[in-house]
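The block underneath contains the structure these notes are about, expressed in structure tokens.
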Amino acid sequence: ALMITDECINCDVCEPECPNDAISPGEEIYVIDPNLCTECVGHYDEPQCQQVCPVDCIPLDPDKRETHDELMEKYHRVTDK
Ligand code: SF4
Ligand code: SF4
Numbered sequence: 009a010l011m012i013t014d015e016c017i018n019c020d021v022c023e024p025e026c027p028n029d030a031i032s033p034g035e036e037i038y039v040i041d042p043n044l045c046t047e048c049v050g051h052y053d054e055p056q057c058q059q060v061c062p063v064d065c066i067p068l069d070p071d072k073r074e075t076h077d078e079l080m081e082k083y084h085r086v087t088d089k
């Protein structure tokens, strides 16, 4: 899963781009639900939120590394496909 760092400027550009509805406004900055983020696997070749974030504050979460197969399983789970 990806994560949003405290450099987030709350611009709301990423939220509508997420195909899994994994992004939401948190208490101070936007947050990604790691149970929903497939790193866009199953939907797109590239993480869509990373593509649009103007301040480049959405890295891979080092504590939530997943293999492509695991991300694909999550995709099937969250999309019911
Ligand atoms: Fe959503 Fe894709 Fe960003 Fe994960 S990488 S939060 S699935 S847009
Ligand atoms: Fe924050 Fe980047 Fe999302 Fe804007 S696009 S809300 S700066 S994470």
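Residues 9 to 89 (our numbering) are what the sequence shown spells out, left to right.
Glycine residues also receive a C-beta, built at the ideal position from the N, C-alpha and C atoms.
Close beta carbons around C48, own chain, < 7 Å, minus the five adjacent residues each side: P27, E54, P55 and Q56
DSSP three-state assignment for P67, whether helix, strand or coil: coil
Please report the straight-line C-alpha distance between C45 and A30, rounded to a whole angstrom. 6 Å
On the three-state DSSP scale, how would you describe V49? coil
Among C61, I40 and E78, nearest to I17 - alpha-carbon criterion: C61
Proximal residues to L79 (C-beta, below 6 Å), its chain only, five neighbours per side dropped: T46, E47 and V49
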